[in-house]
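Visitor: In full-length UniProt numbering, the protein residues as written are 1 to 764.
All C-beta atoms, glycine included, are put in the ideal place defined by N, C-alpha and C.
Since the model is a prediction, treat every value here as computed from it, not as a measurement.
Quick one: this structure, given as structure tokens, is what I'll be asking you about.
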Ligand code: BGC
């Protein structure tokens, strides 16, 4: 049904319009009965539906309806699987339709700047391209069911410490290339119905009242057409917020801020058309939902199976000296650690789901008919106490020693990471590290299985024969772990973030989380592997790393061209072969390395990836595209993306540190970087531009001679003091005003030279 939203807005009173711009309670928008505007509900997600019926709160204190807890974003990102994320979104969309929820709040696409951020488990990656791809697929899946999403938290909400007020100091290039890029592609490709603005300030301005962020970037630049809602309580000043582009305040403001909007319109400080536009945007999404309503039921069991499959596709086999897969019959296997019985599978706070079932590995192994091994369990540690319990430890060591193999289920307790606060270190509980060390002494076939929302230090990693990273993998975590451990499924996830050896290695270490008022993003664009790889630093496990029970080889890297214009699309293809005897999936990653020398950039950046399924011995050709953005960086003189002319390398990789194939491509562009000509413009800059070079080149000899003297006739000692190389560099580094100091130009002649150079630059 085509609705005339404008005419509905015209019939609304000023008070009704202002009222539409804030919630009626924690989870509902207001309606206007006389005009047929319904009160719709929004609910938290994003890795499950958290719908509260009774006492509402936004931090997960009170129970929500029973639902399915899917793996969290830190895990699903490791699947590198757009289709899988879309399927997850579709399932969430069905649940929302069944429960009459118009918008599910998420996905959250903030970049993992530091491993310490308490909410990293809700975020996808340290890489903006991967994060944007996962988010776009999630959004498309949910919205295919005519349910809205709310891409959050816009923007740069990368820490919990003082999240409601902290001022983040981030330079323009870093914002665009890292922190906004994840949102940008998700907005352009996924077209979310809503975006949720974050609590924090960016460069002195609250996100909730930044016209630049909410209107110029989000709408004018990226073409966002939905409505912007505030994070819960993120409004600093309501009227400037509305003018900046914040359409809906959540939750309810008790009428206070509605009244502020009404008086601002009445006294002329707010143009009523701004209010009308916000209301139109909100109504368009409300009616999109109600007009396309397809209430139905959903199948909890089916969604549980999907949660299991996603978990299986997301877990990352970090290390395997050959102990995995475990034998399925005739052996005694020790399952050690309370997470085997009661796994940790989600994080705390507003995304907390009330799962209708939870399956730990112990239960899963006992119920899986293919596994007939004798599984012996020992608790090992008390998850509530970070203190070694001597009796539990002794029993665990004994159980492990008596078995043919041991699997230790370890990781972070709930209290170690959550929404609302950041971690203060990257360690696991000491008692668990001790348990792992003691078991490694008595059992050579030991596997460590981790449950954590963010990387942990692994001081025992060199001694552990195998490590499976299961992150926070949803309610069916145990089934997925058991299927992977016993080889009923083949691990195929890869890390969506780097695991450094220690916290101090992380690039944000010296500037996280700031002084309580401000935090400087001093590491700039060098976030995650962009830093570690450029510095050639050793890391525990690199970005994109993940093993399989088979091996894959790459060959025949082909580019559709070896010369491209920045407006072209480059097609990259290669062959991938499964060399083992188990079917498996490989994630092929394409990185671009900029060798143009135009600006200092990360050694390589991820620009595309594909996940391919291969039967034993099978070979397939995979293709991916690269476009201008794949080569570009954000130029702050142009205020736009710029791909410099010159040579780039295309790297086909199995991880950011495992480069399998390389090919070079040359890029040309018609874009010219602006050249500002003034008394301090350097000779090098002028010689680099053909138009200004034509004016200046004939004059540089005199300057060179006067800077470095008569090199040809100088003594040997003088020639040593001033080498040819030095003379050249001194010339290149000379600003125009050097003509005054060394060639005897006066101020008038310098001004004339500057004018001539400017004229030359402007001629076609
Ligand atoms: C969180 C959001 C969440 C909202 C509603 C806020 O505290 O930052 O992610 O959607 O609460 O619960």
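Can you name, in chain order, every residue of its own chain whose Cβ lies under 7 angstroms from the Cβ of residue 41, other than the five neighbours on each side?
Guide: The count along the chain shown starts at 1 and reaches residue 41 at position 41. Here the set comprises 27, 28, 100, 101, 102.
Visitor: Threshold first: 4 residues or longer. Then list the alpha helix (DSSP H) segments lying entirely within the stretch 642-703, N to C.
Guide: 683-688, 690-696
Visitor: By a C-beta neighbour count over all protein chains shown, 10 Å radius and 16 as the cutoff for buried, is residue 601 buried or exposed?
Guide: Here residue 601 corresponds to residue number 601 of the chain shown, with the count starting at 1. Under this definition residue 601 is a buried residue.
Visitor: Over what stretch of residues does the beta strand (DSSP E) that includes residue 385 continue unbroken?
Guide: Taking the chain shown and counting its residues from 1, the one referred to as residue 385 is at position 385. In this chain, residue 385 is not harboured by any beta strand (DSSP E), its DSSP state being neither H nor E.
Visitor: Alpha carbon to alpha carbon, how far is residue 384 from residue 589?
Guide: Stepping through the chain shown from its first residue, residue 384 is reached at position 384. Stepping through the chain shown from its first residue, residue 589 is reached at position 589. Cα-Cα distance, rounded: 40 angstroms.
Visitor: Could you round the C-beta distance between residue 365 and residue 482 to whole angstroms and report it? I think they count as a contact, below 8 angstroms.
Guide: Within the chain shown, the letter at position 365 stands for residue 365. Within the chain shown, the letter at position 482 stands for residue 482. Indeed, because the Cβ distance is near 5 angstroms, the residues count as touching under 8 angstroms.
Visitor: Is residue 178 near the ligand COA, in the sense that its beta carbon is under 7 angstroms from a heavy atom of that ligand?
Guide: Questions concerning the ligand COA fall outside what the structure shown contains, since the ligands it does hold are the ligand BGC.
Visitor: Give the DSSP-derived three-state secondary structure of residue 34 in the structure shown.
Guide: Here the question's residue 34 lines up with position 34 in the chain shown. Helix at residue 34.
Visitor: Spatial neighbours of residue 19 within its chain, please: CB distance less than 7 angstroms, with the 5 preceding and 5 following residues excluded, ordered by chain position.
Guide: On the chain shown, position 19 is the one that residue 19 refers to. Closer than 7 angstroms at the Cβ level, and outside the excluded window around residue 19, lie 30, 258.
Visitor: Quick one: which unbroken alpha helix (DSSP H) runs of 4-plus residues sit fully inside the stretch 440-504? Chain order, please.
Guide: Here the runs fully enclosed are 477-485.
Visitor: Are the stretch 634-644 and the stretch 503-522 touching by the rule of at least three beta carbon pairs closer than 8 angstroms?
Guide: No: the two stretches stay apart, fewer than three of their Cβ pairs being nearer than 8 angstroms.
Visitor: In angstroms with no decimal places, state the Cα-to-Cα distance between residue 49 and residue 494.
Guide: In the chain shown, counting from the first residue as 1, residue 49 sits at position 49. In the chain shown, counting from the first residue as 1, residue 494 sits at position 494. Answer to the nearest angstrom: the Cα atoms are 26 angstroms apart.
Visitor: For residue 200 and residue 157, which I take to be in contact (beta-carbon distance under 8 angstroms), what is that distance rounded to the nearest angstrom?
Guide: Reading the chain shown from its first residue, position 200 is the one you call residue 200. Reading the chain shown from its first residue, position 157 is the one you call residue 157. About 6 angstroms separates the CB atoms of residue 200 and residue 157; that is less than 8 angstroms, so the two are in contact.
Visitor: Relative to the alpha-carbon of residue 129, which residue among 564, 194, 529 has its alpha-carbon at the smallest distance?
Guide: Within the chain shown, the letter at position 129 stands for residue 129. Of 564, 194, 529, the residue nearest in Cα terms is 529.
Visitor: Measuring straight from C-alpha to C-alpha, what distance separates residue 187 and residue 56?
Guide: Working through the chain shown from its first residue, we reach residue 187 at position 187. Working through the chain shown from its first residue, we reach residue 56 at position 56. Answer to the nearest angstrom: the Cα atoms are 30 angstroms apart.
Visitor: Residue 491 and residue 769 - do their beta-carbons sit closer together than 8 angstroms?
Guide: Outside the modelled stretch of the chain, which goes from 1 to 764, sits residue 769, for which no answer is possible.
Visitor: Going by the DSSP bridge assignment, what does residue 148 pair with across the sheet?
Guide: For the purposes of this step, residue 148 is taken as the residue at position 148 of the chain shown. BP columns for residue 148 point to 103.
Visitor: Relative to the C-alpha of residue 386, which residue among 359, 427, 240, 374 is closest?
Guide: Residue mapping note: residue 386 aligns to position 386 of the chain shown, counting from 1. With distances taken between Cα atoms, residue 386 lies closest to 427.
Visitor: Suppose you measure from the CA of residue 415 to the CA of residue 423; what does that come to, to the nearest Å?
Guide: Numbered from 1 along the chain shown, position 415 holds the residue referred to as residue 415. Numbered from 1 along the chain shown, position 423 holds the residue referred to as residue 423. Looking at the two C-alpha atoms, the distance is approximately 9 angstroms.
Visitor: State the Cα-Cα distance for the pair residue 603 and residue 639, rounded to the nearest angstrom.
Guide: As a first step, residue 603 is located in the chain shown; it is residue number 603 there, counting from the start. As a first step, residue 639 is located in the chain shown; it is residue number 639 there, counting from the start. Approximately 23 angstroms between the Cα atoms of the pair.
Visitor: Chain C beta carbons: is any one of them nearer than 8 angstroms to that of residue 463?
Guide: Among the chains of the structure shown, chain C does not appear; only one protein chain is present.
Visitor: Using the beta-carbon count (16 or more within 10 Å), is residue 728 buried or exposed?
Guide: One-based indexing of the chain shown puts residue 728 at position 728. Classification for residue 728: exposed.
Visitor: When you measure from the CB of residue 765 to every non-hydrogen atom of the ligand BGC, does any distance come out below 7 angstroms?
Guide: With the chain represented from 1 up to 764, any question about residue 765 goes unanswered, as that position is not in the structure.
Visitor: Between 542, 558, 629, 611, which lies nearest to residue 565 when the distance is taken from Cα to Cα?
Guide: Numbered from its first residue, the chain shown carries residue 565 at position 565. The residue with the shortest Cα to Cα distance from residue 565 is 629.
Visitor: Does the separation of the CB atoms of residue 341 and residue 362 fall below 8 angstroms?
Guide: To locate residue 341, count along the chain shown from 1; it is residue 341. To locate residue 362, count along the chain shown from 1; it is residue 362. Contact: yes.
Visitor: Could you spell out where the beta strand (DSSP E) holding residue 554 opens and where it closes?
Guide: To locate residue 554, count along the chain shown from 1; it is residue 554. 552-559 is the span of the beta strand (DSSP E), which, as asked, contains residue 554.
Visitor: Could you tell me whether the stretch 395-402 touches the stretch 496-516, where touching means 3 or more Cβ pairs closer than 8 angstroms?
Guide: no
Visitor: In or out: residue 22 buried (at least 16 other Cβ within 10 Å) or exposed?
Guide: If you number the chain shown from 1, residue 22 lands on position 22. Label assigned to residue 22: buried.
Visitor: Within 10 Å of its beta-carbon, does residue 553 have 16 or more other beta-carbons around it, so buried, or fewer, so exposed?
Guide: Translated into positions along the chain shown, residue 553 becomes position 553. Residue 553 should be labelled exposed.
Visitor: Taking 8 angstroms as the cut-off, does the stretch 145-157 touch the stretch 289-300 (at least 3 CB pairs, one atom from each stretch)?
Guide: yes
Visitor: Residues in its own chain within less than 7 angstroms of residue 578 by CB, not counting five upstream and five downstream?
Guide: The count along the chain shown starts at 1 and reaches residue 578 at position 578. These residues qualify, in order along the chain: 550, 552, 584, 614, 615, 616, 617, 618.
Visitor: So residue 468 and residue 447 are supposed to be a Cβ contact under 8 angstroms. How far apart are they, rounded?
Guide: As a working note, residue 468 is residue 468 in the chain shown. As a working note, residue 447 is residue 447 in the chain shown. Indeed they touch by this definition, with Cβ atoms about 7 angstroms apart.
Visitor: Can you tell me where the alpha helix (DSSP H) with residue 197 in it begins and where it stops?
Guide: On the chain shown, position 197 is the one that residue 197 refers to. From DSSP, residue 197 is part of no alpha helix (DSSP H) but of the beta strand (DSSP E) over 194-197.
Visitor: On the CB-based measure, 16 or more other CB atoms within 10 Å of its CB, does residue 412 come out buried or exposed?
Guide: For this step, residue 412 is matched to residue 412 along the chain shown. Buried, because 16 or more other Cβ atoms sit within 10 Å of the Cβ of residue 412.
Visitor: Please report the Cβ distance between residue 32 and residue 16, rounded to the nearest whole angstrom; I am assuming they are in contact, meaning their Cβ atoms lie under 8 angstroms.
Guide: Walking along the chain shown from the start, residue 32 turns up at place 32. Walking along the chain shown from the start, residue 16 turns up at place 16. Confirmed, about 5 angstroms.
Visitor: Please determine whether the Cβ atom of residue 193 lies at a distance below 7 angstroms from any heavy atom of the ligand BGC.
Guide: Position 193 of the chain shown, counted from the first residue, corresponds to residue 193. Incorrect: residue 193 has no Cβ contact closer than 7 angstroms to the ligand BGC.
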